[in-house]
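In the numbering used here, the protein residues as written are 67 to 1016.
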């Protein structure tokens, strides 16, 4: 079966163009290297891992390595894209590549794998089928997830509309990237631009398939980074960008990053290849495009600067509490509060007891913790305020949205030397995404085959649901026990909670507790979350505090009192009038995160998923370098080998029988337009009409399963042809209706204007014709000709017999002489057949020779050059040259014929361009032609005749 030129993608097809025929390879699907002499080496790699001859973990890794070292960073497992971070710029994302993949879909075997192919497939399915899409990008930190999401947005922006309105929307959406990355990304030891929050973005499209807006959802910002960074790491980018900008000194930031406590802990204030000052300009530009006012931008930057200066507060002991030793005036100005207000807030803790406020002093350590807590809370809430404000600007009206394309760019799986609460949540999130992938691509698919009665041999794989249950299950999961310990009254500590975990899960295969024997328990207590395939050591210090996430009322109050309107909006609970009524305990951080993950999975399940599986080749961020152990770990964790096995044995397409028959019944004359049989028989008739053999598909209990994409392509191609035929007939009928309506309107108008034309003396010659439309121009010309013929007949029939005879002569002369002789006219005044004034002589001539058809006086030039008067008379017999006989001056005379040229002896008459007519007689007995010229016409209709023998 030939491959159709299939331009409309179908995300229901679970395969790529390189695996069109299952495991049968084509030349375009094999990657080969050239030898130095130009010849090809033996086969090196395949673009779709389904085509591997031996499906093993080693074979998968070898294939990825071979492609990677040749700068081919993308490959497929069916319609799943595998992307290996090259750690360098590759020239494969410009406009040329956009056009190369536009409309071609992921299924074109002539194209190498590319993330643009997946993006095109997603965009076309959204546009032509109107179905919500989501691209789920997963992988370890530093694997290139954020860059992959930006490439997808770049492609969608490039192939969608380009009106001014659409371009404005696209600019807003694209400019959210530098803003959110500045506030939510940071340098870690694994990644120079690591997302420290989860981001899900819905790109909203209108009914024309053009971007109309967007909505951003974020998950768990790693706010602990604001006050503490590990060795070789940085705080969030925006802090360093602000310091590198011209605004720094205006905001009271006079030192470099190394001089501020919140920014210098990691010793990595600069990032190679990253210009903080340039990025800050991009942030400001992004704010402007999105629609932030100058006041809003200033308020946000003041809040960021205030957080930096909070870390510079120096405390000293005072009685039982603490007091400020150093606090800059710039900080107070940025916050818009007094020194006393801020000092009281960070050195006291107010609680409500019996509806009364009771304040207690905090010592220096507690006050320092309060400052750090305030800094984290400020940054977290300003970040939320920023993305909420972005949503207000970019979101489209719900009534204008046809479908959405969601892009999930969430923090990657992390295993650090010191893994705390944030890494625990991040890795749980990745476990949930892996579980979703397993459910949709491995478990659900195999379960569906068995449930539908399809012949199938199950493929074994690791199901990480047991890991997710270990964390989230109620009431005995890790998070549930963490909540229980966090809110219970009495003494509580991380060590006690760890002991409870160890007791509860001591027999669990994927959990191992460590009590810190012979070590400092609080510093080194940890759980071993033995998830597949590596053991993750999670340090428990600070888990309870981070889970409860308590913000003292004094801190919220001072922020509510702030002169910075953004900070005031971010802390509504600081309003003292609400304290007495606030009895409900807010959810803990762990519980809230688990709930957000549940909602995220529910959201993703409502959309058609596409997957990008990102792989980090090494920890050194070096190009052309592969750490095979690291890659093996990711291949195992992502389940790539199992995915290949399931895809090799499975079906690329499945659809409910009713939906399938409804879509394709028009392909068989038996089933369209009416069908009275069963759906199964109708589907069989459709396949029979296209000569598709039974081996190419299977009928389940409720669905139709198709083995390879070419069968689906054939169905879609034939459907497009049939739809074109149907649409063509509809268009023809509609256009005929429009044409008939135009014709009817034209003829009705024509009929109205000419209704009394028969009674008009001029027969309507002065009537203005209606202006024809384009399709009636020729008809209008034809009708005008018909009318003129009718008008001529009516006019001629109104004349007498003599008038008609004269008119016929005039028309005959017009036919021969019009345009050939200058000054020729056939008007009533200018045209006459009798030009001889001697009526009596002419009458006598007619009695003898017959009626004169034409006569005129001429001048004869004799052989000696002497002019002599003559008359030229045309009868039915011939042309007569006569000589008038004068009997005296002024008297009439008889006409004396001098010479007669019989008509049969005249071969023709030649009309010159001047007023000269030459007659050419046939050769007579004398063997000579006689030329008679009639030239010049004076006011007396006189002519001169010249005669010669040629």
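Think of the CB as a built atom: it goes at the ideal place given N, C-alpha and C, for glycine as much as any other residue.
All of these numbers come straight from a predicted model, not from anything done at the bench.
So is residue i buried or exposed if we call it buried at 16+ other beta carbons inside 10 Å?
i: residue 185; result: buried
i: residue 800; result: exposed
i: residue 311; result: buried
i: residue 274; result: exposed
i: residue 472; result: buried
i: residue 824; result: exposed
i: residue 458; result: exposed
i: residue 214; result: buried
i: residue 194; result: exposed
i: residue 191; result: buried
i: residue 465; result: exposed
Alpha carbon to alpha carbon, how far is residue i from residue j?
i: residue 660; j: residue 780; result: 45 Å
i: residue 120; j: residue 782; result: 33 Å
i: residue 680; j: residue 713; result: 19 Å
i: residue 546; j: residue 634; result: 33 Å
i: residue 812; j: residue 836; result: 7 Å
i: residue 432; j: residue 413; result: 8 Å
i: residue 355; j: residue 264; result: 23 Å
i: residue 641; j: residue 623; result: 6 Å
i: residue 308; j: residue 574; result: 48 Å
i: residue 476; j: residue 685; result: 19 Å
i: residue 145; j: residue 163; result: 19 Å
i: residue 233; j: residue 353; result: 16 Å
Closest Cβ-Cβ distance between residue i and chain C: below 8 Å?
i: residue 200; result: The chain labelled as chain C is not found in the depicted structure, where only one protein chain is given.
Below 8 Å between beta carbons: does that hold for residue i and residue j?
i: residue 187; j: residue 216; result: no
i: residue 723; j: residue 749; result: yes
i: residue 577; j: residue 536; result: yes
i: residue 690; j: residue 135; result: yes
i: residue 130; j: residue 697; result: yes
i: residue 219; j: residue 240; result: yes
i: residue 829; j: residue 860; result: yes
i: residue 272; j: residue 674; result: no
i: residue 123; j: residue 707; result: yes
i: residue 488; j: residue 791; result: no
i: residue 151; j: residue 209; result: yes
Residue i lies in the beta strand (DSSP E); which residues open and close that run?
i: residue 280; result: 277-285
i: residue 416; result: 414-419
i: residue 534; result: Unbroken run through residue 534 is the alpha helix (DSSP H), 531-538; no beta strand (DSSP E).
i: residue 824; result: Segment: none, residue 824 is in no beta strand (DSSP E) and carries neither H nor E.
i: residue 142; result: 140-143
i: residue 293; result: Counting along the chain, residue 293 falls outside any beta strand (DSSP E), and DSSP gives it neither H nor E.
Please state the DSSP three-state secondary structure of residue i.
i: residue 677; result: strand
i: residue 382; result: strand
i: residue 229; result: coil
i: residue 692; result: coil
i: residue 806; result: helix
i: residue 210; result: coil
i: residue 477; result: coil
i: residue 764; result: strand
i: residue 150; result: strand
i: residue 948; result: strand
i: residue 549; result: helix
i: residue 965; result: strand
i: residue 574; result: coil
i: residue 391; result: strand
i: residue 472; result: strand
Along the chain, where does the alpha helix (DSSP H) containing residue i start, and where does it finish?
i: residue 518; result: 510-518
i: residue 848; result: 843-863
i: residue 355; result: 342-356
i: residue 491; result: 487-504
i: residue 443; result: 430-460
i: residue 631; result: 631-636
i: residue 40; result: No information on residue 40 is available, as it lies outside the stretch 67 to 1016 that the chain covers here.
i: residue 665; result: 655-670
i: residue 244; result: 242-250
i: residue 728; result: 723-730
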